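Residue numbers (our numbering), protein chains in the order written: chain A, 33 to 357; chain B, 33 to 357; chain C, 43 to 399; chain D, 43 to 399.
Just so you know, even glycine gets a beta-carbon here, dropped at the ideal spot from N, CA and C.
Keep in mind the model is a prediction, meaning the values are calculated, not measured.
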Ligand SMILES: Cc1ncc(C[n+]2csc(CCOP(=O)(O)OP(=O)(O)O)c2C)c(N)n1
Ligand SMILES: Cc1ncc(C[n+]2csc(CCOP(=O)(O)OP(=O)(O)O)c2C)c(N)n1
Ligand SMILES: [Mg+2]
Ligand SMILES: [Mg+2]
């Protein structure tokens, strides 16, 4: 198996799927000549030409709407949001069009698009550029929401997302783009809605996705030194959610901490906590705790940014609480 | 005390505050000459003139942005969204501007605006016109989110919202506009963030807001016939949330059902369930259950609409589950 | 257009008129719910434009969408059933008045978000270019929609990339209760096209033939030169914005003035003067339309309500790339199928004549 | 503008230039993080425009916002501290490069959402009209922003209601790596104003005096006639879009070509030719600017980091209309105060001369 960065893995997925299926095309700001603001689309314009790798004006509602319209008539657009912060301007197209036309038409229309790009905090890009809005998207029926944490998952899930016939919100993370990991050489894909246990453990269940899987694994390492074995469950897809994987783990450990980069109030972690308390009520030895970002807009200063984000220290603290240590 | 509809109560609040403070003004689609799409702004253009009651083009991003800019320089705009479904087009102004400028400027800027209008389902207006997006707004630090359920609360809360110096998302409900109730004749306001017990009971806590308070009260009536006494807690404001009022009730009843009109996944009810399981862990005799709308876009047909929405039957069923009956 | 074709279009306009007049009646009876936006007065725009489309062309519209579907030949019985929320509706009762779709005819139909379907139309145009076909996409919207950001973003990219899309502003002078001059900083909406260097035309939307000639040129340009056009069709809606609107913002005189220019009456006169039709033939066509509408209502009345199971159907497409074991805990995924629904084909109308698309 | 005033503006441009050159250096040293967008090359636009404002006027800008604050007389030490994320920063270290604000000077500053501040500027204009004052709002944005829906919505209402807002497109030919002609369907961006019937002008943004004359007329129109203007200032950024951009999308020749028109050099020449300044005076001004920047960096270096408590401050305004008992369980509400922060007043720069606003 090759060792690739998530950036390379995503680029491979795009390239392979565009080679396989001529109806797949890419559009977004700087995806072509500039090779992508974060270089995920490196080399694709050269190989596929401007109609399949389209640089757009700065007009997010149009980008998403074009993807919707092209998908309606049978193409398979992949719309890149330079970052998901800007997808707020495209939200009406996603929520009122991509997610609803199949239903409103009584099943006549399908919208096989992928809306992808980095989400969450980068480094010191401040309040308007650091939002983790997965709970907004996961709230909406009609959408699929994917948030990979490794290079392997990213490639396998993006290929599934491109082939799937539903609108898929594929949220990447800039901080993970350089993260390297093993990626199979052969063709593979990972089904949407299938979670993954990233680390086994008996004492406590840590549920995390995207960048926070890294936080959870780092936390687990620290806890192990104190003899606490944490299990790290990565749902990988938030909608549909592989809840059984989470429930089975919590039934085993009796304790659960959710780690997420989003804001606390009505974050997706609340949804997980709700399902776990409902389905694992009798197995829980302690309340479910959540470690989230601070309930404020993201500050610029690096000292405040660190205080804002979830981190191993905060997770360790939460784990000790649920273990009553 | 006068008996007023929520429509009349809201209209009174607007009129009284506009008379009291010349910096308060209204803008939105059809708020003026047309007297409001739902007649909430009846008579205001005639009394205050076009600069304080401004009919706008159909341009939600501009409506919200104008409110933000005017608020920045010291006015107190009230922007009406004909319905909150269309606020999706204004979301960037609300989330990236109204909610963040104070923080990004280190406390130099304040944004005293109110964004108001009907939210949730009306009658058979289908998928694009029936969304209950309160969990999206409640997710965002910097915002205040208010959802009144009675004429009295609506007037008292709207007056507070207009006078408050923070951006307030004031979500009304079309189905409640004609609901009549007692409204004090004298000047009063209800503080934002103060909940209200709409019915006392010892057996189970029903948490509901806006239109679903009506559902919860109707459910409580039916349950009473079977000797089950339900307590109905209406937070009235989702952010900040009067969580103690909910906790105290649950600690008393040991059982909790949240009733909400939003979609189930990452709905605001999940946030309440998360907080309750965390803070009332030892008092809970059963898992917290949620009754929500169906996890699909809203269908048009009235038979499907009924199946989609929460209703007393569904709540009764949930209550019996938590009571193990 | 030969004599028969002209008569067909006349019949289409009549059918739309009678169909919607009946809608207004049964709305009051409570058979139709929610918002009902009538196209009455604007028929010449939709009928004229759609009559020029090829079967493989596409179109997308606002919520005021009854007329286009009928003009395109969708079965009006399925449309009436949709309005009544029945299982036999063209959208299985899930869409209602604002959401008519008939994909086999290229109708991507009704959007409830003002301006929201313009970027979608641009996307259809983009897909056509990418595919290299010579199809055309038509996009109908109102005078109020031109002030939405979506209009701006869609027109810029359509001009920038030469997309085969024809944007038709149906200027009926009001966006709900707001007169054009209180919403737009410019009076001539087609001039908005100058900001994008896009070909632009104005046309009398009450005149079927005028609509056909201007639209024909635009559709040609889109098909052959792959260039978009912005057209402003001057028209008028006789009724309120929706059933709840008394229309107080305009004078009785203004409405009566416009009704004198009624597109159906005007075209009927022309048929008699220039195509040697006699009044009796026009009257027969009218009776035929009324009879068809009767049949539509009968069909809707006799149709069953959707069953509760259908609530969860048609949200997702069943997909081999989804882990069904976990997905199926969600009833919408459980109910998902791989195929797309296709509107039912009903037996011919009892009334002799038929409406062709 | 008299001789001294002219020299002041020259010094402002120099200070901005030296300030940002230093920013680029210390960014590489890691003292500044996140996105850093430099205004180098565009100084004449901001300095020229802002020099015409009255103290009670307002302005709002994009994220490329350093120059305007300096031009308006904000203390550059507070700005440098902000860039370094220090507690003494003008936004208390919470905003960074993209988010400079100085409300007492009417600076509502940096917005990170392309086009996002245009509707806000319209709102300022609306507030001014409603208040009946004769203030003006200035709005600066790039050539890429004109394709956002927000531009369209903001300009339409500004023209429709006669709002005293001057919209300044700083056309530096690229939106990030995308050349104007690959993003806009029309070449002359000021012509976009024709869709709104709004007065529009083009100006050489490398020429301070040209900027002042065109802006002067527009600001006058806004103040006296309450009418908006759309101005396209032709300019150029010498550096990449942000520090991470190597700028491969343009040729060395093009950049060198534009640098020959350097606004500071050109205005310096004019000062010597027409205002009888000598090179030595200009050099002294330069040394003074460099010395001030040294002091800015020293100030930032010596400033403390924000304490963790400040994380929760400045989210909400403490309000008598909020039930604090429940609200205060949220640390942001607990930390909320009633007052607004005002940027600190520092003792004069050690270097003799000072920069006036
Ligand atoms: C984004 C959005 N804003 C507001 C509305 C409410 N609304 C529905 S129709 C309408 C008026 C539209 O007028 P116009 O575009 O002229 O079309 P017409 O109804 O005249 O055919 C409004 C404001 C909406 N549906 N969508
Ligand atoms: C809504 C939105 N979309 C995309 C971006 C990413 N972005 C930041 S600056 C920029 C280019 C803007 O170009 P222009 O408007 O010409 O301003 P300039 O940088 O040239 O001053 C882009 C695409 C953003 N910040 N906001
Ligand atoms: Mg209209
Ligand atoms: Mg630029």
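Using only the alpha-carbon positions, how far apart do residue i and residue j sit?
{"i": "residue 35 (chain A)", "j": "residue 41 (chain A)", "result": "9 Å"}
{"i": "residue 101 (chain A)", "j": "residue 177 (chain B)", "result": "34 Å"}
{"i": "residue 351 (chain D)", "j": "residue 340 (chain A)", "result": "11 Å"}
{"i": "residue 165 (chain C)", "j": "residue 99 (chain A)", "result": "6 Å"}
{"i": "residue 276 (chain B)", "j": "residue 158 (chain B)", "result": "36 Å"}
{"i": "residue 327 (chain C)", "j": "residue 185 (chain C)", "result": "32 Å"}
{"i": "residue 309 (chain C)", "j": "residue 52 (chain C)", "result": "7 Å"}
{"i": "residue 166 (chain B)", "j": "residue 273 (chain A)", "result": "22 Å"}
{"i": "residue 195 (chain B)", "j": "residue 168 (chain B)", "result": "24 Å"}
{"i": "residue 267 (chain D)", "j": "residue 386 (chain D)", "result": "36 Å"}
{"i": "residue 365 (chain D)", "j": "residue 344 (chain B)", "result": "31 Å"}
{"i": "residue 116 (chain A)", "j": "residue 151 (chain A)", "result": "5 Å"}
{"i": "residue 253 (chain D)", "j": "residue 304 (chain D)", "result": "14 Å"}
{"i": "residue 347 (chain B)", "j": "residue 325 (chain B)", "result": "12 Å"}
{"i": "residue 145 (chain B)", "j": "residue 130 (chain B)", "result": "8 Å"}
Distance cutoff 8 Å, beta carbons only. Does residue i sit that close to anything in chain B?
{"i": "residue 167 (chain A)", "result": "yes"}
{"i": "residue 303 (chain A)", "result": "yes"}
{"i": "residue 13 (chain C)", "result": "Outside the modelled stretch of chain C, which goes from 43 to 399, sits residue 13 (chain C), for which no answer is possible."}
{"i": "residue 62 (chain C)", "result": "no"}
Does any residue of chain D bring its CB to less than 8 Å from the CB of residue i?
{"i": "residue 399 (chain C)", "result": "Residue confidence for residue 399 (chain C) is low, a pLDDT of 39 falling below 50, so the modelled location carries little weight and cannot support an answer."}
{"i": "residue 99 (chain A)", "result": "no"}
{"i": "residue 198 (chain B)", "result": "yes"}
{"i": "residue 90 (chain A)", "result": "yes"}
{"i": "residue 201 (chain C)", "result": "yes"}
{"i": "residue 62 (chain A)", "result": "yes"}
{"i": "residue 209 (chain A)", "result": "no"}
{"i": "residue 226 (chain B)", "result": "yes"}
Any beta carbon from chain A within less than 8 Å of residue i's own beta carbon?
{"i": "residue 276 (chain B)", "result": "no"}
{"i": "residue 132 (chain B)", "result": "yes"}
Return no unless some Cβ of chain C is closer than 8 Å to the Cβ of residue i.
{"i": "residue 239 (chain D)", "result": "yes"}
{"i": "residue 226 (chain D)", "result": "yes"}
{"i": "residue 44 (chain A)", "result": "no"}
{"i": "residue 204 (chain B)", "result": "no"}
{"i": "residue 281 (chain A)", "result": "no"}
{"i": "residue 156 (chain B)", "result": "yes"}
Discussion item. Which complete alpha helix (DSSP H) runs does the region 116–174 of chain A hold, if anything under 4 residues is left out?
Written reply: The qualifying runs are 133–136, 166–170.
Worksheet item: Between the region 320–351 of chain B and chain C, which residues of the former have a C-beta closer than 8 Å to a C-beta of the latter?
Response: Hits within the stretch, in order: 326, 327, 328, 329, 331, 332, 333, 334, 335, 336, 339, 340.
Fill in: Ranges of the alpha helix (DSSP H) found wholly within the region 286–344 of chain C, counting only runs of at least 4
Listed in chain order, they are 294–301, 305–317, 321–344.
Worksheet item: Within the chosen definition, does the region 178–185 of chain C reach the region 152–162 of chain C through at least 3 CB pairs nearer than 8 Å?
Response: Under the 8 Å Cβ criterion, the region 178–185 of chain C counts as touching the region 152–162 of chain C, having at least three qualifying pairs.
Fill in: Contiguous alpha helix (DSSP H) assignments of at least 4 residues, all confined to the region 169–231 of chain A
Runs of the alpha helix (DSSP H) inside the region 169–231 of chain A: 183–195.
Worksheet item: Name the residues in the region 185–197 of chain D whose C-beta lies less than 9 Å from a C-beta of chain A; which are they?
Response: Here the close residues are 186, 187, 188, 189, 190, 191, 192.
Worksheet entry | the region 221–238 of chain C contacting the region 272–287 of chain C, beta-carbon criterion three pairs below 8 Å | Segments in contact, yes.
Worksheet entry | At least three beta-carbon pairs within less than 8 Å, the region 231–240 of chain A to the region 246–264 of chain B | Cβ pair count under 8 Å is below three, so no.
Practice prompt. Count the CB pairs spanning the region 93–102 of chain C and the region 106–115 of chain A that are closer than 8 Å, and state whether there are at least three.
Written response: No contact exists between the region 93–102 of chain C and the region 106–115 of chain A.
Practice prompt. Can you check the region 117–194 of chain C for any beta strand (DSSP E) of at least 3 residues that lies completely inside it and give the ranges in chain order?
Written response: Every beta strand (DSSP E) stretch that sits fully inside the region 117–194 of chain C and reaches 3 residues is listed by chain position as 149–153, 179–184.
Worksheet item: Can you list, in chain order, the residues of the region 109–123 of chain B whose Cβ is nearer than 7 Å to any Cβ on chain A?
Response: Here the close residues are 120, 121, 123.
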